[in-house]
Amino acid sequence: MFDIITFGSATVDVFAETDIHDLKEERKYVGYPIGSKILLKEIKFSIGGGGTNTAVAFARLGFKTGYIGKLDSGFGGKEILDLLKKEKVGFLGSIDRNNSVNGGYSIILDSKGNDRTILKYSGANDFLRFSELDTKKIQSKWIYLSTMLDESFRTQEKLAMKMHKNGTKIAFNTTEYQIKTQNIRPLLKICDVFILNHEEARLLVEEGDILRGLKELGPKIVIVTNKDKETLAYDGKKIYSITPHKIKVVERTGAGDAFASGFVAGQIIGKSIDESLKLGLEESESVIRSRGAKNKLLRRNLKK
Ligand SMILES: Nc1ncnc2c1ncn2[C@@H]1O[C@H](COP(=O)(O)OP(=O)(O)OP(=O)(O)O)[C@@H](O)[C@H]1O
Ligand SMILES: [Mg+2]
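All residue numbers in the sequence shown are consecutive under the working numbering, ending with 549.
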């Protein structure tokens, strides 16, 4: 029996740092000259994706953790499996043995200044069928769903419904893109914890009170993050809030994943909403103080 299983994307992230300058006066575009070779100043690789980021977060907090996702059987898939093994996360997903499609990649073009352009390829992440899962092995107190699309989203929904019936608690962290392209409403009805940011919340609750509007969609607890502004939580009885500290943001990739995993970790060990919000804040602040979504995820045993 796992404490928590995360179900979400896995990608190989390639960070390419260039010296290319801003071409336009309004500083919105970066130009890459056609037909030329651009020497990179630096290239770095890391494993990303909401599913693996959160699995690593939970494992480092001392939980028995599993991960469900779809990998390719080539270079990327192998790197992801190695990382999961190193971080003591059990792999419960599927590997595309025929390599009919590549695994997920993000190419992060980091130009002068600190903003970047991301070229994203979802690849295998979108194609996990329910029949590929060995459901006998998928036994857990909690399941954490992070954004997936199409076939994989339908698999998430089907699995969550089945596990919900058997008493597994469900946490769900969505994104703008998922809200716009998938029907997430049936899933919200069975969620124990639903976490999203303020803009995403406004897409679901177009007018009126956001927290009450979200609660009406079904989740037991809703959490709305809002960058460096107050994060709010609501359980139908009381509104809770926590304000981020003023910190120097080095790189905010993975802030949302980190907050959500910290909060859910608190819930797994039976902490109050206030205490769980604190854990979410600590986890997200640790991550945005340095580069990389996983590097600074906290290591401590919450089960002790
Ligand atoms: N500038 C900041 N200063 C301090 N804390 C921050 C800042 N930005 C984000 N955080 C922390 O990270 C949490 C999640 O951030 P945010 O609301 O940006 O989520 P998100 O938009 O879902 O992020 P992501 O793009 O990673 O999915 C916030 O609740 C806060 O605790
Ligand atoms: Mg987010």
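Ideal placement from N, C-alpha and C gives every residue a C-beta, glycine not left out.
Of the choices 250, 324, 351, whose alpha-carbon is the least far from that of residue 310? 250
Beta-carbon proximity of residue 258 to residue 351, cut-off 8 Å: yes
Expressed to the nearest angstrom, what Euclidean distance is found between the alpha-carbon atoms of residue 262 and residue 458? 42 Å
Using only alpha-carbon positions, find the residue among 332, 474, 387, 318 that is nearest to residue 298. 332
Spatial distance of residue 541 from residue 522 (CA atoms): 18 Å
When you compare only the Cα positions, how much space is there between residue 372 and residue 417? 19 Å
Taking the Cβ atom as the reference point for each residue, do residue 296 and residue 253 lie within a distance shorter than 8 Å? yes
Measuring from the CB of residue 299, is there a heavy atom of ligand 1 at a distance below 7 Å? no
Helix or strand or just coil, what does DSSP make of residue 449? helix
From residue 285 to residue 323, what does the alpha carbon distance come to, in whole angstroms? 25 Å
Write down the C-beta distance between residue 308 and residue 513 rounded to the nearest angstrom, noting that I regard them as a contact closer than 8 Å. 7 Å
So what does residue 385 bridge to, in DSSP terms? 247
Restricting to Cα atoms, I'd like to know which of 507, 481, 419 is closest to residue 466. 481
Contacts around residue 260, its chain only, beta-carbon distance under 8 Å, and the 5 residues preceding and following it disregarded: 287, 288, 289, 290, 291, 353, 355
Are residue 448 and residue 382 closer than 8 Å when you measure CB to CB? no
Below 7 Å, is the gap between the Cβ of residue 463 and the nearest heavy atom of ligand 2? no
Whole angstroms is fine: what's the gap from residue 319's alpha carbon to residue 343's? 10 Å
Rounded to whole angstroms, what is the Cα-Cα separation between residue 518 and residue 277? 48 Å
Quick one: Cα of residue 304 to Cα of residue 248, how far? 10 Å
Reference residue 369; option with closest CA among 345, 392, 384, 389: 345
For residue 530 and residue 487, which I take to be in contact (beta-carbon distance under 8 Å), what is that distance rounded to the nearest angstrom? The pair is not a contact, with the Cβ atoms about 11 Å apart (cut-off 8 Å).
Taking DSSP as the reference, what is the three-state secondary structure of residue 262? strand
Give the DSSP-derived three-state secondary structure of residue 296 in the structure shown. helix
Find the nearest neighbour of residue 438 within the set 508, 283, 430, 300, judged by alpha-carbon distance. 508
How is residue 305 classed by DSSP in three states: helix, strand or coil? helix
For residue 442, does the count of other Cβ atoms within 10 angstroms reach 16, so buried, or fall short, so exposed? buried
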